[in-house]
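Worksheet for the structure shown next.
In the numbering used here, the protein residues as written are 2 to 158.
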């Protein structure tokens, strides 16, 4: 399937910082960019898809961690009520409709009781690691992802 036959990506997404109570953060490495370590991210599938549903879906798709409605981790998926608007990297702009240059990203946190071994989607991510939150922020390629991780102490309950 070519980019022209796929539906355009919706320029509204989530970023989910998965962490432990000890502020260790799970990072995953993109399959299409070897040096790009990041938190879970992903766009809405439908314009009216609730953000919490997008977040839970993306976490499940990218890590295998179930945090959707009815799961034991569902109460631990927290909308931080923060958003970033950023310019879409040119290398990924073709996934969006012509003229779309910016994305709105909504920040979530997911506190897991302890480090878990994720099940990665190999077409999206190839490696994972847990790091103390400051080291995780330093390892991220995306400035908005790094900034979100540095906010983590403010959101841990």
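Where is the CB? At the ideal position from N, CA and C, for every residue including glycine. From a predicted model like this one, the values you see are computed outputs, not experimental measurements.
{"Asked": "Residue(s) in a DSSP beta bridge with residue 29", "Found": "39 and 129"}
{"Asked": "For residue 49, the first and last residue of its enclosing alpha helix (DSSP H)", "Found": "Segment: none, residue 49 is in no alpha helix (DSSP H) and carries neither H nor E."}
{"Asked": "Cβ-Cβ separation, residue 28 to residue 130 (assumed contact under 8 angstroms), whole Å", "Found": "6 angstroms"}
{"Asked": "Endpoints, the beta strand (DSSP E) within which residue 84 is located", "Found": "78-88"}
{"Asked": "Separation of residue 37 from residue 150, as counted between CA atoms", "Found": "15 angstroms"}
{"Asked": "Euclidean distance between Cα positions of residue 59 and residue 155", "Found": "23 angstroms"}
{"Asked": "Three-state class that DSSP yields for residue 156 in the structure shown", "Found": "helix"}
{"Asked": "Residue from 24, 42 and 116 with nearest C-alpha to residue 85", "Found": "42"}
{"Asked": "Which listed residue (134, 147, 122 and 112) has its alpha carbon closest to that of residue 157", "Found": "112"}
{"Asked": "Cβ neighbour criterion (16 or more within 10 Å) applied to residue 124", "Found": "exposed"}
{"Asked": "DSSP three-state assignment for residue 4, whether helix, strand or coil", "Found": "Residue placement at residue 4 is poorly supported in this model, since its pLDDT is 49, which falls under 50; the coordinates are not used for a value here."}
{"Asked": "Straight-line Cα distance separating residue 117 from residue 137", "Found": "16 angstroms"}
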